[in-house]
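In my numbering, the protein residues as written are 4 to 228. The structure under discussion appears below in the form of structure tokens.
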């Protein structure tokens with residue numbers, strides 16, 4: 004039986020790669036986007052075309068964590084349709100490089116904090132009620148947010164829910180373009196985005212109780228050899 008996977012932020016290249024990598028084998032992947040306007044509309048249409056061409060059940064959805072009422076309705080519909088959510092993939096933006104946010108970054112920090120709190124308030128009740136599931140938290144370089152992830156992991160563990168915190172590469176990408184509906188056109192160093200998506204897929208497919216609690220993505224290939 005395939006899994007029900009929700010990716011909270013799939014409206015960029017890294018999120019799209021993760022969504023496509025974890026698809027398949029009767030798995031349903033909900034790829035969250037804050038809206039379907041402008042560039043996000045193009046990404047959603049490309050993802051739908053890719054899913055149709057590859058026969059994958061990959062569903063771009065509008066999921067704005069900043070709008071609690073809307074996000075709650077979206078999550079409730081997923082649970083009503085499938086009876087569960089097996090995996091949640093959440094990403095920190097990774098733009099705060101110090102223990103405390105710089106004065107100019109407080110607004111962005113607050114947005115990230117609100118998103119994290121929305122994940123906790125809107126999704127944890129479902130996982131805790133199920134008494135199983137997996138939260139994959141893709142860490143950034145902001146110490147405060149990663150400490151919150153560790154706190155959330157401890158909270159979920161009490162209810163039998165696993166958490167894996169992954170530290171991704173921070174090397175700037177040199178991908179020239181990615182047409183998700185066709186073959187990727189790659190230039191230069193992939194900066195680990197594909198490897199990160201593959202590592203997430205492998206972690207999801209590990210047996211329950213065997214998943215690492217925290218791992219540097221660059222070490223993931225050694226883990227799965």
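For every residue, glycine included, the Cβ atom is placed at its ideal position computed from N, Cα and C. Note that this is a predicted model, so its numbers are computed, not measured.
Starting from the Cα of residue 87, find the closest Cα among 73, 6, 44, 69 and give me that residue.
The shortest C-alpha separation from residue 87 is found at 6.
Measure the alpha-carbon distance for residue 126 versus residue 78 and round it to whole angstroms.
When rounded, the distance between both Cα atoms is 7 Å.
Please return the same chain residues whose Cβ sits closer than 7 Å to the Cβ of residue 14, not counting the five positions on each side in sequence.
36, 37, 43, 46, listed in sequence order.
For residue 41, the first and last residue of its enclosing alpha helix (DSSP H)
Segment 41 to 57, the alpha helix (DSSP H) holding residue 41.
Kindly indicate which residue of 54, 161, 95, 120 has the alpha-carbon position closest to the one of residue 74.
Of the listed residues, the one whose Cα sits closest to residue 74 is 120.
What's the C-alpha gap between residue 29 and residue 113?
Rounded to whole angstroms, residue 29 to residue 113 spans 37 Å at the Cα level.
When the distance is taken between beta carbons, is residue 81 closer than 8 Å to residue 139?
Going by C-beta atoms, residue 139 is not nearer than 8 Å to residue 81.
To the nearest angstrom, how far is it from the Cα of residue 65 to the Cα of residue 19?
In this structure, the CA atom of residue 65 is about 14 Å from the CA atom of residue 19.
Could you check what DSSP says for residue 135 in three-state terms: helix, strand or coil?
It is coil, neither helix nor strand.
Helix, strand or coil: how does DSSP classify residue 149 here?
Three-state result, residue 149: helix.
Quick one: using the 10 Å Cβ neighbour count with 16 as the cut-off for buried, is residue 132 buried or exposed?
By the Cβ neighbour-count rule, residue 132 is exposed, with fewer than 16 other Cβ atoms within 10 Å of its own.
Below 8 Å between beta carbons: does that hold for residue 200 and residue 49?
The Cβ atoms of residue 200 and residue 49 do not sit closer than 8 Å to each other.
Reference residue 136; option with closest CA among 149, 209, 117
Nearest of 149, 209, 117 to residue 136, Cα basis: 209.
Can you look up residue 7 in the DSSP assignment and give me helix, strand or coil?
In the structure shown, residue 7 adopts extended strand secondary structure according to DSSP, grouped into three states.
Residue 92 and residue 21 - do their beta-carbons sit closer together than 8 Å?
Yes, the Cβ-Cβ distance between residue 21 and residue 92 is below 8 Å.
Beta-carbon spacing of residue 32, residue 60 below 8 Å:
Taking 8 Å as the Cβ cut-off, residue 32 and residue 60 qualify as a contacting pair.
What's the gap between the Cα of residue 148 and the Cα of residue 4?
If you take the alpha carbons of residue 148 and residue 4, they lie about 34 Å apart.
Counterpart residues of residue 63 in DSSP-defined beta bridges:
Its beta-bridge partners are 34.
DSSP state of residue 170 mapped onto helix, strand, coil
Three-state DSSP puts residue 170 in a strand.
What residue does the alpha helix (DSSP H) around residue 94 start on, and which one ends it?
For residue 94, there is no enclosing alpha helix (DSSP H); the enclosing beta strand (DSSP E) covers residues 90 to 94.
Taking the beta carbon of residue 142 as the centre, do at least 16 other beta carbons fall within 10 Å, making it buried, or is it exposed?
By the Cβ-count criterion, residue 142 is buried, with 16 or more other Cβ atoms from all chains shown falling within 10 Å of its own Cβ.
Since residue 89 contacts residue 8 with CB under 8 Å, what's their CB separation in whole angstroms?
Rounded, the Cβ-Cβ distance is 6 Å, consistent with contact.
Smallest Cα separation from residue 95: which of 116, 110, 51?
Nearest to residue 95 by C-alpha distance, out of 116, 110, 51, is 116.
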